[in-house]
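Numbering (the working numbering), first residue to last: 740 to 843.
Just so you know, even glycine gets a beta-carbon here, dropped at the ideal spot from N, CA and C.
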Amino acid sequence: MVFVTNPPQVVGHRKLLSLFKRFRGVTNAYVPLKRTRLNARFGFVRFDCDEVTRLAILNANGLTWRDKVLHVKKATFGRIFLGQHPRKEELDRGLPRKKGGCFL
């Protein structure tokens, strides 16, 4: 899943989905009504495999769309604050995973 910041104000999930369709393997897109602390819009796009996610980040980051420069990065969920220990699931994220079922 990728995290997209700075999309144009008029963009909803359908337009965001159509922008990322060129990378194939897009399963869904979501643009929440809330904004970031800097009052910027954001959205998420989910792909069916990690390789397509990586290609989308490389190719869409810095893309200009309706006079806005998109910032695209891998979505991370949750934060680790000073003094907290990561949960087992967060530690498992760093392990290499089997790649398969990804068609480009």
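Classify ASN767 as helix, strand or coil using the three-state DSSP reduction. Strand at ASN767.
For a minimum of 3 consecutive residues, which ranges assigned as the beta strand (DSSP E) are wholly contained in the segment 749 to 817? The segment 749 to 817 contains these whole beta strand (DSSP E) runs: 765 to 769, 781 to 786 and 810 to 813.
Tell me which same chain residues have a C-beta within less than 8 Å of the C-beta of VAL808, skipping the five on either side of it? Correct list, in chain order: ASN745, GLY801 and LEU802.
Contact between the segment 768 to 776 and the segment 787 to 802: three or more CB pairs below 8 Å? The count of Cβ pairs closer than 8 Å, one atom from the segment 768 to 776 and one from the segment 787 to 802, stays below three, leaving the stretches out of contact.
Would the beta-carbon of PHE759 fall within 8 Å of that of VAL784? Yes, Cβ-Cβ distance for PHE759 and VAL784 is below 8 Å.
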